[in-house]
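Worksheet for the structure shown next.
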C-alpha cells in the first residue's frame, strides 16, 4: 500500500506544480533562475573565448543571442497577429464550406 | 555477382505487388506484419552494403526505351545519403503503421517509397520524371484513404497541383533534350526556358511559396500513418534533385529565406496540430533550399544533413501528433490540453522531436541546422543569416512551445474532460510507441555522435558543432524565445480559425472563375441565343417559306410545263405515223439525199477545216 501511495503522491504534487495557478509564481522563479544562469554562462564563455571568428557587427554585443531570441519572438508574434487580424488571413472554419 | 548491387526501390515495388497476392485484406497475424517489416529491413541492408563498398559508386542498370538511354542506378555519396535515410524512415513508418489492416495503404506506401528511391538513383531526366509522377499518385492515395469529404477534396487539389508541376517538369525536360540531346541528371547547363521550367517543377515539390499550399492543404487531411510518410519523402526528394541540378543558384537563397520565415509565421497562426507541423515543414525545407542556393561545400553538406535529420524528427513529430489524434479523435489545439497526465510517454517522445528540430545541444538538429547558418556567415550574407536565425526562433516558438503547450499542458480541453478521465492512460498502441522511440533514439544518437552523420555527407566536413560559444549561444536564443512566449501567451491563444494561404486562388479563385462563367459569360450566351431566336430564326423561317413558295410555284410549274409540252409534242408526232407506205418511202428518200449532201458538202468543209487548208 505504501509503495503505491508514494509515487501517486509524488505524481499529484508534480501535476499540481505544473497545472495549479497557486504555483505560478514559483514556476516563474524557477524559469528566471534558469535564464539568469544561462546568460551568466554565455557571458563567461564570451569573456573567455576570443571573438576572432566573429563576422557580423552584432556578434560583438555581449549576450546578443539572448537579446535576438527575445526580440525575434516578439516580432513573430506581432507579425502573426498583424497578418491574422488586420490582414484578414484568419477566417472562420466554415470559410470554404459553401463551395 | 550478377549485378553489382540491387536497386532498393525494386524491393518496395516487389512488396507492393506481392502484398495483395499473399495476404487477404483482413488477414491478421504476425507473418503479414513480419513481411511488412522485412522489405524495409532488406532495403536498409542493401543500402548499407552499398555504403560499405565504396567501389559500388558509379552508374548501373542501363536500359533502352524509345531511343533514350535510361539510367536507373546512379550511385554516389549524395544518393546513398538520401537512400539510407529513406529506407530507415520507411522502417520506422512501417512499424508505426503495423496495426493497419487495409492492404491498399501499405501498397501505396511501398510504391511511394520505391519511387522516391527511384528518383534518388535516377541517372537521367526521363527516368527521374517517371518516378516523380509515380510518387505523386502513390502519395495522393494516402490522402484519399482517409475517406472523408475534406480528404477527397484535398486529395484532388493535391493531384491537380502535382500534375501541373509534373507537366512543367516534362516541358522543361523535353526542351532540354531537344537543345542538348538526352542529358544525364546533373547541373543544368542552359539558361533558357528549360532551366526555369525544370526549376519550377522541382521547387513546387519543395513547397516553395506561393507553390506551398498543396502541402499544408493535403498533409493534415491524410491518414494518420500516411502523413508520417508524406512528411518524409516528397519535399526531401525535391531537396535531393535541387542539390543535384541547381547547387549555387542564387535565387534559391532568397526563396529559401522567405520560405523559412513564411513557414513559421503560418505555423504560429495555426490551430490544427498536423497543419501546424506541415507549415513547419515549409520552414525547414526553406533552410535546405537556402543551403542549396548558397552552394558552398559546407552549405550543401548542411542541406543534406538537415534533410536527413529532419526526416527523422519531423517523422517523430507527425507520429506523436498522429498518436494523439488516434487516441483522442481530436485534431485541433482548441480541443486539446492537459494531455500530459494521460500520455506522458507520447509527450516525452514528442518533446524529444521538438527539441531536436529546435536545435538544442545533444539533439540532432544542433549538428545539422547550424551548418547552413555557418555557411551563410562564411559568405557574409548578413540578411540571410538574420532571417534564418529568426526562423530558428519561430521553430521553437511554434513546434517546441505553442503546440506542446496547448496540446499537453494548459487547460484541459473538450477531448480530455468530456470523453476521458484525465488520469486514465491514453498511450497509443505498442507498435506506435516503438516506432516513436526508435526515431527519438536516432535523434539523440546523431546529436551526441555527429561524426556518424558527417561521415556519410557528400563533401568533407569542416564543422565543429560543440564549441562553448555555440552551445551557450543556441541555448540563450531558444530560452529567451521561450521567455517571450510565456510573456505574450495570451496573444497567441489558438482560436477556431483557419488561415488563408495561396490555395485561396484555386479554391475561392475557382469560384470567381465559375461566377465569371455563370454571370457574364452565361448572360452573353443568353443574349446571343435571344438574338438568334428572335431575329435570325425568324428570317430563316421567312426564307424557308419563300423557298417553299418558289419550289411549289416556279420549279414545280416549270417541271410540269415541260412535261406537258413533251406530251403535246408527242401527240403531234404520233400523227406522222400514217401507215401509208408511200409516205414512208418518201421519207427514206429524203433522208438518203440529205445524207449524201452532208457527206460531200459539209464533209469537205469539215476536212479542210481539220487539215487547216483553205
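Residue numbers (the numbering used here), protein chains in the order written: chain A, 52 to 150; chain B, 6 to 619. Virtual Cβ for every residue (Gly too), placed ideally from N, Cα, C.
Whether residue 190 of chain B touches residue 127 of chain B by CB criterion (8 Å): Less than 8 Å divides the Cβ of residue 190 of chain B from the Cβ of residue 127 of chain B.
Short CB-CB distance (under 8 Å) between residue 60 of chain A and chain B: Taking Cβ atoms only, chain B never reaches closer than 8 Å to residue 60 of chain A, which makes this a no.
Those runs of the alpha helix (DSSP H) which lie wholly inside the region 179-214 of chain B and span at least 4 residues: Secondary structure in the region 179-214 of chain B: the alpha helix (DSSP H) runs of 4 residues or longer, each lying completely within the stretch, are 198-210 in chain order.
Nearest to residue 232 of chain B (by Cα), restricted to the options B:399, B:46 and B:145: Of the candidates B:399, B:46 and B:145, the one whose C-alpha sits nearest the C-alpha of residue 232 of chain B is B:145.
DSSP state of residue 502 of chain B mapped onto helix, strand, coil: The answer is strand: DSSP assigns residue 502 of chain B an E or B state.
Neighbour list for residue 503 of chain B in chain A, Cβ cutoff strictly below 7 Å: Correct list: 142, 144 and 146.
Residue span of the beta strand (DSSP E) that contains residue 524 of chain B, given as start and end: Here residue 524 of chain B belongs to no beta strand (DSSP E), and DSSP marks it neither H nor E.
Cutoff 8 Å: residue 289 of chain B Cβ touching any chain A Cβ: Not closer than 8 Å to any Cβ of chain A, the Cβ of residue 289 of chain B fails to qualify, so no.
Per-residue contacts from residue 119 of chain A into chain B (C-beta, under 7 Å): Within 7 Å of the CB of residue 119 of chain A, the CB atoms of chain B belong to 394 and 482, in sequence order along the chain.
Touching by the beta-carbon criterion (3+ pairs, under 8 Å), the region 320-327 of chain B and the region 352-359 of chain B: The region 320-327 of chain B is in contact with the region 352-359 of chain B.
Residues of its chain near residue 55 of chain A, where Cβ-Cβ distance is below 7 Å and the 5 sequence neighbours each way are ignored: Bear in mind that a pLDDT of 49 at residue 55 of chain A, under 50, signals an unreliable position, so the number given afterwards is only what the model happens to contain. Within the same chain, residue 55 of chain A has no close Cβ partners at all.
Sequence-distant residues of the same chain with beta carbon closer than 6 Å to residue 289 of chain B, five excluded per side: Closer than 6 Å at Cβ, skipping near neighbours: 315.
Inter-stretch contact at 8 Å, needing at least 3 Cβ pairs: the region 330-340 of chain B / the region 261-274 of chain B: Too few Cβ pairs lie closer than 8 Å, so no.
Span of the beta strand (DSSP E) around residue 64 of chain B: 63-70 is the extent of the beta strand (DSSP E) around residue 64 of chain B.
Beta carbon proximity, residue 450 of chain B to chain A, threshold 8 Å: Closer than 8 Å: no.
Contacts that residue 68 of chain A makes with chain B (C-beta to C-beta distance below 7 Å): Listed along chain B is no residue with a C-beta nearer than 7 Å to that of residue 68 of chain A; the closest approach is about 12 Å.
Interface residues of chain A facing residue 336 of chain B [CB-CB closer than 8 Å]: Those within 8 Å of residue 336 of chain B in chain A number zero; the least Cβ separation is about 12 Å.
Where the alpha helix (DSSP H) containing residue 97 of chain A begins and where it ends: First-last of the alpha helix (DSSP H) with residue 97 of chain A: 75-99.
Exposure of residue 1 of chain B, with buried meaning 16 or more beta-carbon neighbours within 10 Å: Outside the shown range of chain B, which is 6 to 619, sits residue 1 of chain B, and nothing can be said about it.
C-alpha distance - residue 580 of chain B paired with residue 591 of chain B, whole-angstrom precision: For residue 580 of chain B and residue 591 of chain B, the distance between alpha carbons rounds to 16 Å.
Where residue 337 of chain B falls: helix, strand or coil (DSSP): Reduced to three states, the DSSP call for residue 337 of chain B is strand.
Between the CA atoms of residue 328 of chain B and residue 96 of chain B - distance to the nearest angstrom: Going from the Cα of residue 96 of chain B to the Cα of residue 328 of chain B covers about 17 Å.
Bridge partners - residue 78 of chain B, DSSP secondary structure assignment: Secondary-structure assignment with DSSP links residue 78 of chain B through a beta bridge to B:65.
Nearest-angstrom Cβ-Cβ length linking residue 390 of chain B and residue 107 of chain A, presumed shorter than 8 Å: In this structure, residue 390 of chain B and residue 107 of chain A form a Cβ contact; the two beta carbons are roughly 7 Å apart against a cut-off of 8 Å.
Host beta strand (DSSP E) of residue 374 of chain B (start-end): Not the beta strand (DSSP E): residue 374 of chain B falls in the alpha helix (DSSP H), residues 369-383.
For residue 581 of chain B, three-class secondary structure by DSSP: Correct three-state label for residue 581 of chain B: coil.
For residue 63 of chain A and residue 432 of chain B, the rounded distance between their alpha carbons: Roughly 19 Å between the two C-alpha positions.
Any C-beta of chain B under 8 Å from that of residue 93 of chain A: With respect to chain B, the C-beta atom of residue 93 of chain A has a partner C-beta closer than 8 Å.
Beta-carbon neighbours of residue 132 of chain A, restricted to chain B and to distances below 7 Å: Correct list: 496.
Members of the region 103-114 of chain A that neighbour chain B once the beta carbon cut-off is set at 8 Å: Under the 8 Å Cβ criterion, the region 103-114 of chain A contributes 106, 107 and 114.
One or two residues paired with residue 142 of chain A in a DSSP bridge: Its beta-bridge partners are B:503.
Collapsed DSSP secondary structure at residue 152 of chain A in the structure displayed: No statement about residue 152 of chain A is possible, as the shown extent of chain A runs from 52 to 150 and does not include it.
CB of residue 111 of chain B within 8 Å of CB of residue 41 of chain B, strictly: In this structure, residue 41 of chain B lies closer than 8 Å to residue 111 of chain B by Cβ.
Cβ-Cβ distance between residue 479 of chain B and residue 371 of chain B below 8 Å: Result yes, Cβ atoms of residue 479 of chain B and residue 371 of chain B sit closer than 8 Å.
Proximity to residue 497 of chain B [Cα-Cα], best of A:129, A:80 and A:110: Comparing Cα-Cα distances from residue 497 of chain B to each of A:129, A:80 and A:110, the minimum goes to A:129.
Exposed unless 16 or more other CB atoms sit within 10 angstroms - verdict on residue 548 of chain B: Classification of residue 548 of chain B: exposed, given that the 10 Å Cβ count is below 16.
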